[in-house]
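Peer 1: A single structure is presented below for examination.
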Amino acid sequence: VAGAAGGTLKLWDLEQAKAVRTLVGHRSNCQSVDFHPFGEFFASGSLDTNLKVWDVRRKGCIHTYKGHDRGVGVCKFSPDGKWVVSGGQDGRTRLWDLAAGRCLKEFAPHDGAVTSVEFHPNELLLATGSADRVVKLWDLETFEQVDECVEATGIKALRFAPDGSALLTGTGEFLKTWRWEPAQCHDAVDVSWKNLKDLSVHNNKLLGASISNSFVGVWVVDLNRVEPFHSGAERGPGGGGTRDAEREERSRRGPEESAAAAVAAAAAVIP
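Just remember that my numbering sits 304 ahead of the position in the sequence shown, which is counted from 1.
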């Protein structure tokens, strides 16, 4: 599914490489979409300040959630499919109960637009990232903030590792790996992907998608070379090992050389 500048949404058949359905409902630019983990539903957020849930089979919107003062830039379903979370340009994050059709919780706001939201794959934990440079971690049993990670620049995208062992954050220049309670950055990779929009993990490779005009750049980082994911055999005596040596080497390189060494491949630039 893809959202358009006019607020329409198009469903695409990937095998036939063509749009098979157009859905209308938003009054302004569609900023984010996310498929439900089990059913034929998806959510969309728009500059019209609304979050909508759509039924692909019924070919229409089945619920509209209102509550943001500015556009909804990000949305995400929980892994169990019971909740959907929305992050707005107003700095607010709202958790919605799909069965009850109401807001379950509005979290304490960020000081900037919410740019990324991510559910932990195994625990009742939510991460929210913002242009204010802060990642907040929320306990979804108590709805209290349990930790935060502070970056040097605004957060572009978040992703928990598939096993939930670490949180990956993307800014304009770096990929960083974090653990929490207490918050600790384990590694930083100079990627220089600029307009990063999304992160995904497949076969222990991190994929980052960046946008520049009408082009999409796909970056691949080998997480086997990044702490805390690489094997103990790669570590030298005293726990520093190859990663400390690589950091020192990166500091001596120029930005282009550093990115080339740290990133496994700049996989493709797709028009």
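A virtual CB, placed ideally from N, CA and C, is assigned to each residue, including glycine.
DSSP three-state call for L527: helix, strand or coil?
Peer 2: helix
Peer 1: Taking 7 Å as the cut-off, decide whether the C-beta atoms of S496 and E477 are in contact.
Peer 2: yes
Peer 1: Could you tell me if T353 is buried or exposed, where buried requires 16 or more neighbouring beta carbons within 10 angstroms of its beta carbon?
Peer 2: buried
Peer 1: Among H367, G375, A513, whose alpha-carbon lies nearest the alpha-carbon of L351?
Peer 2: G375
Peer 1: Give the secondary structure of E591 by DSSP, where H, G and I count as helix, E and B as strand, and everything else as coil.
Peer 2: Coverage of the chain is limited to positions 305 through 575, which leaves residue 591 absent and any answer about it impossible.
Peer 1: What residue range does the beta strand (DSSP E) around R406 cover?
Peer 2: 406 to 410
Peer 1: Roughly how many angstroms lie between the CA atoms of A513 and R406, to the nearest whole one?
Peer 2: 33 Å
Peer 1: Which complete alpha helix (DSSP H) runs does the stretch 437 to 518 hold, if anything under 4 residues is left out?
Peer 2: none
Peer 1: Mark G343 as exposed unless 16 or more other C-beta atoms lie within 10 angstroms of its C-beta, in which case mark it buried.
Peer 2: exposed
Peer 1: Leaving out five residues on either side along the sequence, give the residues of the same chain with a beta carbon under 7 Å from the beta carbon of E445.
Peer 2: L428
Peer 1: Between S332 and G349, is the Cβ-Cβ spacing less than 7 Å?
Peer 2: no
Peer 1: Would a C-beta distance cut-off of 7 Å place T473 and T432 closer than the cut-off?
Peer 2: no
Peer 1: Can you tell me whether G391 is buried or exposed? The criterion is at least 16 other CB atoms within 10 Å of its CB, across all chains shown.
Peer 2: buried
Peer 1: If contacts are defined as beta-carbon pairs under 8 Å, then T481 and E448 qualify, I think. What distance do you get, rounded to the angstrom?
Peer 2: Between E448 and T481 the Cβ distance is about 24 Å, and since that is not below 8 Å, they are no contact.
Peer 1: From L315 to V305, what distance separates their C-alpha atoms?
Peer 2: 4 Å
Peer 1: Leaving out five residues before and five after L327 in sequence, what residues of the same chain have Cβ atoms less than 8 Å from its Cβ?
Peer 2: T312, L313, K314, L315, W358, K363, G364, C365
Peer 1: On the DSSP bridge assignment, give the partners of L399 in chain order.
Peer 2: V389, K409
Peer 1: If we ignore side chains and look at the alpha-carbon of each, how far apart do G310 and H534 end up?
Peer 2: Cα to Cα, G310 sits roughly 45 Å from H534.
Peer 1: Nearest-angstrom Cα distance between V450 and K409?
Peer 2: 16 Å
Peer 1: Tell me the DSSP bridge mates of L355?
Peer 2: G349, Y369
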